[in-house]
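K.L.:
Have a look at this one before I ask anything.
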Amino acid sequence: MTPAIEVEGLVKRFGAHRALDGVSFAVPAGRILGLLGPNGAGKTTAVRVLSTLLRPDAGRARIFGHDVVEEPHEVRRCIALTGQFASVDVEISGRENLYLIARLLGVPARRARAQADGMLERFRLGEVGGKLVREYSGGMRRRLDLAASLMGHPRLICLDEPTTGLDPHSRNELWAMVRARALAGSTVLLTTQYMEEAEALADSVVVVDRGRVIAAGTAAELRARVGGRTLQIRLVDPQDLAAVAGSLALEGLLGRIDQEAGVVRLPLGEPDELTRAVRAIAASAVDVLAMDTQVASLDEAFIELTRSAE
Ligand SMILES: Nc1ncnc2c1ncn2[C@@H]1O[C@H](COP(=O)(O)OP(=O)(O)OP(=O)(O)O)[C@@H](O)[C@H]1O
Ligand SMILES: [Mg+2]
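Numbering (the working numbering), first residue to last: 1 to 310.
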């Protein structure tokens, strides 16, 4: 079966800067891909190339087999895009925005009205549906933008940081909707800065940093790759933190001092590292107040992945 998205060696330059520096990945139809990365990683650039808004400098990208440069019209017919920034018309109401989109998609007037109202309800915009979008709060605008992009039944849905600025309730609703769309057969490309979001939604995750893919796999695989456990050491006298970090370093263990929290944190990798760490701490002859191991949070795993790519 033709993959929904196929990207090979994609390069996009802005002046001397390579926003995309040889990015490759593929997404099977009906799956959700999380494109994860910090600010400036190249996520929006990738989405804009895939949705034919930007021309790549090298490499190629195909959407359901259609090349984004050679067949932009076919590509546009397949996809819906929600940008990182709202793109609805603010001088008309939310209801009118959705109605217009439905009409543009060729839906007859009555059904378009019903679809617009249905979407407003699903995004809890029913009450403000008649108001000018100009008067919406940031979160309301965001929800309307998402509703707009989910009108119709696009084969590929590109969501660029869809939950930034949403309250937890709306976020859960959006997640549920994305899952429902995927179950109904749509493919979803979702960019996010949050590992948690990628894990909640995505079948697979591609981590990008500075225009390059630095890791790919399921969220669980990525979490496993960065170890997952951290030893946290708290001392009676915080002045001793550097001494502990020093003796860990002599054992070849790289702990990080968190002055503010008053602890040294050591990511645990090899099975013998905990024993070696305890030995090193004992050798440093400082008074330990507390020591515990913690499962690394997903966001720590993400920081670890982007750090180790430096
Ligand atoms: N139109 C442009 N002109 C010049 N540089 C650009 C342009 N668009 C993006 N860039 C640069 O390309 C890099 C990648 O930007 P991009 O917007 O793709 O990042 P991002 O991963 O979406 O980040 P964020 O999480 O902040 O949205 C950045 O260094 C950015 O400054
Ligand atoms: Mg972006």
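Beta carbons are placed, not taken as given, at the ideal position from N, Cα and C, and that holds for glycine. All values reported here derive from a predicted model rather than from experimental measurement.
Ordered along the chain, which non-local residues of its own chain (more than five positions away) have a Cβ less than 8 Å from that of C78?
P.N.:
Translated into the one-based positions of the sequence shown, residue 78 becomes position 78. Cβ neighbours of C78 beyond the five flanking positions: I63, F64, H66, P154, R155, L156.
K.L.:
Measuring CB to CB, does A80 end up less than 8 Å from L150?
P.N.:
Mapped onto the sequence shown, residue 80 falls at position 80. Mapped onto the sequence shown, residue 150 falls at position 150. In contact: A80 and L150 (Cβ atoms closer than 8 Å).
K.L.:
Hey, is the region 237-246 in contact with the region 255-267, meaning 3+ C-beta pairs nearer than 8 Å?
P.N.:
Contact holds: three or more Cβ-Cβ distances are below 8 Å.
K.L.:
Tell me the start and end of each unbroken beta strand (DSSP E) in the region 23-74 that is at least 3 residues and wholly inside, in chain order.
P.N.:
With a minimum length of 3 residues, the continuous beta strand (DSSP E) runs that stay inside the region 23-74 are 32-36, 58-63.
K.L.:
Do G185 and V133 have their beta-carbon atoms positioned less than 8 Å apart in this structure?
P.N.:
As a working mapping, residue 133 is identified with position 133 in the sequence shown. As a working mapping, residue 185 is identified with position 185 in the sequence shown. No.
K.L.:
Exposed or buried, what is D209 when buried is set at 16 or more other beta-carbons lying within 10 Å of its beta-carbon?
P.N.:
The residue you call residue 209 lines up with position 209 of the sequence shown. Result: buried.
K.L.:
Starting from M119 and walking both ways along the alpha helix (DSSP H), at which residues does that stretch end?
P.N.:
Residue 119 sits at position 119 when you count from the first residue of the sequence shown. Element bounds for M119: 109-122.
K.L.:
Which parts of the region 232-272 are runs of the beta strand (DSSP E), unbroken and 3 residues or longer, counting only runs that do not cross its ends?
P.N.:
Counting whole runs of 3 or more residues, the region 232-272 contains the beta strand (DSSP E) stretches 256-258, 263-268.
K.L.:
If I measure Cβ to Cβ from A198 and keep anything under 7 Å in the same chain, skipping five residues before and after, which residues do I get?
P.N.:
Here residue 198 refers to the residue found at position 198 of the sequence shown. The residues are G34, L36, T192, V205, A219.
K.L.:
Cβ-heavy atom distance between A19 and ligand 1 below 7 Å?
P.N.:
The sequence position of residue 19 within the sequence shown is 19, counting from 1. Indeed, a heavy atom of ligand 1 lies less than 7 Å from the Cβ.
K.L.:
Grouping DSSP H, G and I as helix and E and B as strand, with all else coil, what is S312?
P.N.:
For the chain, the structure presents residues 1 to 310; residue 312 sits outside this window and is missing.
K.L.:
Could you give the first and the last residue of the continuous alpha helix (DSSP H) run that contains S149?
P.N.:
What you label residue 149 is simply residue 149 of the sequence shown in a count that begins at 1. Looking at the DSSP string, the run of the alpha helix (DSSP H) that includes S149 is 138-149.
K.L.:
Pull up the distance between the alpha-carbon of A283 and that of R229, whole angstroms please.
P.N.:
Looking up residue 283 in the sequence shown gives position 283. Looking up residue 229 in the sequence shown gives position 229. Cα to Cα, the separation comes out at about 23 Å.
K.L.:
Could you give the distance in angstroms between the alpha-carbon of D89 and the alpha-carbon of L54?
P.N.:
Along the sequence shown, read from residue 1 onward, the residue named residue 89 stands at position 89. Along the sequence shown, read from residue 1 onward, the residue named residue 54 stands at position 54. Using only the alpha carbons, I get a separation of about 22 Å.
K.L.:
Sorted by chain position, which residues of the same chain lie with C-beta nearer than 7 Å to A148's C-beta, five sequence neighbours on each side aside?
P.N.:
To locate residue 148, count along the sequence shown from 1; it is residue 148. Closer than 7 Å at Cβ, skipping near neighbours: V88, N97, L98, I101.
K.L.:
Less than 7 Å between the CB of D160 and some heavy atom of ligand 2, yes or no?
P.N.:
For the purposes of this step, residue 160 is taken as the residue at position 160 of the sequence shown. Yes - ligand 2 has a heavy atom lying nearer than 7 Å to the Cβ of D160.
K.L.:
Is K43 near ligand 2 - that is, is its Cβ less than 7 Å away from at least one heavy atom of it?
P.N.:
For the purposes of this step, residue 43 is taken as residue 43 along the sequence shown, with counting starting at 1. For ligand 2, at least one heavy atom lies less than 7 Å from the Cβ of K43.
K.L.:
Are there any heavy atoms of ligand 3 lying less than 7 Å away from the beta-carbon of F25, as far as the coordinates show?
P.N.:
With respect to ligand 3, the structure shown offers nothing to examine, as its ligands consist of ligand 1 and ligand 2.
K.L.:
In chain order, what residues of the same chain have a beta carbon less than 6 Å from the beta carbon of A182, not counting five sequence neighbours either side?
P.N.:
One-based indexing of the sequence shown puts residue 182 at position 182. The answer, listed in chain order, is I32, V188.
K.L.:
In whole angstroms, what is the alpha-carbon distance linking L104 and G118?
P.N.:
Taking the first residue of the sequence shown as 1, we reach residue 104 at position 104. Taking the first residue of the sequence shown as 1, we reach residue 118 at position 118. If you take the alpha carbons of L104 and G118, they lie about 17 Å apart.
K.L.:
Taking all protein chains shown into account, decide if E304 is buried (16 or more other Cβ within 10 angstroms of its Cβ) or exposed.
P.N.:
Indexing the sequence shown from 1 puts residue 304 at position 304. Answer is buried; the Cβ neighbour count reaches 16.
K.L.:
Using only the alpha-carbon positions, how far apart do D237 and G262 sit?
P.N.:
Taking the first residue of the sequence shown as 1, we reach residue 237 at position 237. Taking the first residue of the sequence shown as 1, we reach residue 262 at position 262. Distance between the alpha carbons of D237 and G262: 9 Å.
K.L.:
Quick check on S214: does DSSP put it in helix, strand or coil?
P.N.:
Counting from 1 along the sequence shown, the entry for residue 214 is found at position 214. Sequence check: residue 214 is Ile here, not Ser. I214: strand per DSSP, three-state reduction.
K.L.:
For the beta strand (DSSP E) containing R13, list its first residue and its last residue.
P.N.:
In the sequence shown, the residue the question calls residue 13 occupies position 13. Taken as a continuous stretch (DSSP letters only), the beta strand (DSSP E) holding R13 covers 5-14.
K.L.:
Just curious, the beta strand (DSSP E) that M1 is in, first and last residue?
P.N.:
By 1-based counting over the sequence shown, the position of residue 1 is 1. Unbroken run through M1: none, as it is neither H nor E.
K.L.:
Going by other Cβ atoms of all chains shown within 10 Å of its Cβ, with 16 needed for buried, is T313 buried or exposed?
P.N.:
With the chain covering 1 to 310 only, the question about residue 313 has no answer from this structure.
K.L.:
Which word fits V314, buried or exposed, when buried means at least 16 other C-beta atoms lie within 10 angstroms of its C-beta?
P.N.:
This structure leaves residue 314 out entirely; the chain is present only between 1 and 310.
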